[in-house]
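For the sequence shown, the residue numbers in full-length UniProt numbering are 1 to 355.
Virtual Cβ for every residue (Gly too), placed ideally from N, Cα, C.
Since the structure is predicted, the reported quantities are computational estimates derived from the model, not experimental observations.
First the structure, in the form of structure tokens, and then the observations on it.
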Amino acid sequence: MRSLDVDGLGPVSRIGLGTWQFGSREWGYGDDYADAGATAIVRRALELGITLFDTAEVYGPGKSERILGAALADDRDDVVLTSKVLPVAPFPKLVRKAWQGSAQRLGVRRIPLYQVHQPNPVVPDTVTMKGMGALLDEGRIGAVGVSNYSLERWQLADEALGRPVISNQVEFSLAAAGPLEDLVPFADAHDRLVIAYSPLAQGLLGGKYGVDHRPGGVRAMNKLFGTENLRRVEPLLSVLREVADAHDVAPAQAALAWLLAQPRTVAIPGASSVEQLEFNAAAADLELAPDEVAALTAAARAFTPQAAVPTLVERAKEEAGPLLERARSEAGPLLGRAKDGAAPVLGRLRQALRR
């Protein structure tokens, strides 16, 4: 497994494991997933050389941290374990309290990478980073990271902390390539880390879904699975399939390999099974040619998804269309007969009113 050396963290595997799905029913993995499946996945990840394991206090909520900590067992201190604080009221005492809860659930005394889950739109990072900095000074965390931050906000967090905010975890994939324009160049220039979540766009880049075959569950809420976006993404998927075929791999593996071709970038796909984990990890050994990376990058930049659309509403309209048309066609004759039958009655009523 290839890795990156990151200040304060040491070697970080290029493919990590995201655990949003641990302890959650949203993904439909089944009731026994947390009891057996998740543990088997974590243990196999360790065997494959994966060192990056990402979770958060809100995943589950809390269940993901407990499941991950128990699954890592005695290996907790040998990996880059990351968690996140949700900055609802990110004052120093509350940041510390959140860290205590996460550390207890994970079964550790020190969290290697502790991240601010998202920027607070009201409370500035000068407040949030006081609590994060105190944890760093005390050795309770190894490094500070952020998540879902713009470049400008990341730089402000740097200033507020008074030292490098080492990472930014953001949505990043061929279908969401915005970080290429600013976050990746910044990370490359300053030895930081971009952690790509949803690196396969919730399965869109696997080539499994299309206009005639769309996902259910939590994925159904993703704007990318709207009808128009499924049409717009096809040129990108076509290039992806071509690159994948050239290496005799699946499109999803080529999509992960493209991410790993970006500097200072690691990916944290989730896994519903040991087999899926092994499939994802294999992408770390795949190196694309420069012209293949360039072709995929051009296709990714050309993909412009439609602005957020209530996907479920869109699908309901599509499915309701034939029903509404049928209702109109069947109601037409009935309304016509009702109108014809009412005409004489209305005529007599008008005559009576004139008298």
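Note down the Cα distance separating residue i from residue j, rounded to an integer number of angstroms.
| i | j | result |
| --- | --- | --- |
| Glu47 | Val80 | 15 Å |
| Val127 | Asp245 | 50 Å |
| Arg76 | Ile67 | 12 Å |
| Gly162 | Arg241 | 45 Å |
| Lys93 | Gly133 | 12 Å |
| Pro290 | Ile41 | 33 Å |
| Tyr114 | Leu230 | 36 Å |
| Arg232 | Thr297 | 16 Å |
| Ala250 | Gly145 | 32 Å |
| Ala73 | Thr51 | 14 Å |
| Ser198 | Leu259 | 11 Å |
| Glu171 | Ala196 | 6 Å |
| Leu288 | Gln253 | 11 Å |
| Thr227 | Gln276 | 27 Å |
| Asp270 | Arg44 | It is worth fixing the name first, because residue 270 is Gly in this sequence and not Asp. Going by the C-alpha atoms only, they are around 13 Å apart. |
| Asn280 | Ala300 | 20 Å |
Identify the continuous beta strand (DSSP E) that holds residue i and give its terminal residues.
| i | result |
| --- | --- |
| Val194 | Leu193 to Tyr197 |
| Ser273 | That residue, Ser273, is in no beta strand (DSSP E); it is neither H nor E in DSSP. |
| Leu113 | Ile111 to Val116 |
| Pro11 | Gly10 to Ser13 |
| Leu4 | Ser3 to Val6 |
Tell me whether residue i sits in a helix, a strand or coil according to DSSP, three-state version.
| i | result |
| --- | --- |
| Glu159 | helix |
| Ser167 | strand |
| Ser150 | coil |
| Phe22 | coil |
| residue 406 | Any question about residue 406 goes unanswered here, given that the chain covers just 1 to 355. |
| Val79 | coil |
| Asp31 | Residue confidence for Asp31 is low, a pLDDT of 49 falling below 50, so the modelled location carries little weight; the figure read from the coordinates is stated next. Coil, per DSSP. |
| Thr297 | helix |
| Thr265 | strand |
| Gly142 | strand |
| Leu86 | coil |
| Val58 | coil |
| Phe53 | strand |
| Leu200 | coil |
| Leu286 | coil |
| Ala316 | Any reading at Ala316 must be qualified, since the residue scores a pLDDT of 45, below 50, and its modelled position is unreliable; the value itself is stated next. Helix at Ala316. |
| Leu48 | coil |
| Leu324 | Its pLDDT being 49, under 50, Leu324 is placed unreliably by the model, and the measurement read from it follows with that caveat. If DSSP states are grouped into helix, strand and coil, Leu324 belongs with the helices. |
Use the C-beta contact count for residue i: other C-beta atoms within 10 angstroms, 16 or more gives buried, fewer gives exposed.
| i | result |
| --- | --- |
| Arg2 | exposed |
| Thr304 | exposed |
| Pro90 | buried |
| Glu65 | buried |
| Tyr29 | Low confidence applies here, because Tyr29 scores a pLDDT of 49, under 50, leaving its location unreliable and the question unanswered by this model. |
| Lys97 | exposed |
| Ser238 | exposed |
| Pro235 | exposed |
| Ala71 | buried |
| Val88 | exposed |
| Ala307 | exposed |
| Gln100 | exposed |
| Gly139 | exposed |
| Pro119 | buried |
| Arg14 | buried |
| Pro61 | exposed |
| Asp158 | buried |
| Asp125 | buried |
| Glu181 | exposed |
| Arg109 | exposed |
Take residue i as the anchor and find which of the options has the nearest alpha-carbon.
| i | options | result |
| --- | --- | --- |
| Lys63 | Phe91, Arg105 and Lys84 | Arg105 |
| Val293 | Val274, Ala261 and Ala307 | Ala261 |
| Ser102 | His117, Val85, Gln118 and Val116 | Val85 |
| His190 | Arg264, Gln253, Leu180 and Met132 | Arg264 |
| Ala255 | Ala177, Leu183 and Val194 | Ala177 |
| Ala143 | Glu152, Ser150, Val12 and Ser173 | Val12 |
| Ile111 | Leu296, Leu9 and Val58 | Leu9 |
| Leu4 | Glu228, Ala187, Leu174 and Pro124 | Ala187 |
| Tyr59 | Asp158, Thr39, Trp20 and Ala271 | Trp20 |
| Pro121 | Gly37, Arg153, Val95 and Leu136 | Arg153 |
| Ala201 | Leu174, Val194, Val184 and Glu181 | Leu174 |
| Gly206 | Gln155, Ala283, Val194 and Leu151 | Ala283 |
So residue i is in the alpha helix (DSSP H); what residue range does that whole segment cover?
| i | result |
| --- | --- |
| Val123 | Segment: none, Val123 is in no alpha helix (DSSP H) and carries neither H nor E. |
| Ser102 | Pro92 to Leu106 |
| Pro235 | Glu234 to His247 |
| Ala189 | Leu183 to His190 |
| Thr304 | Careful: Thr304 lies outside any alpha helix (DSSP H) and carries neither H nor E. |
| Gln253 | Pro251 to Leu260 |
| Leu68 | Lys63 to Leu72 |
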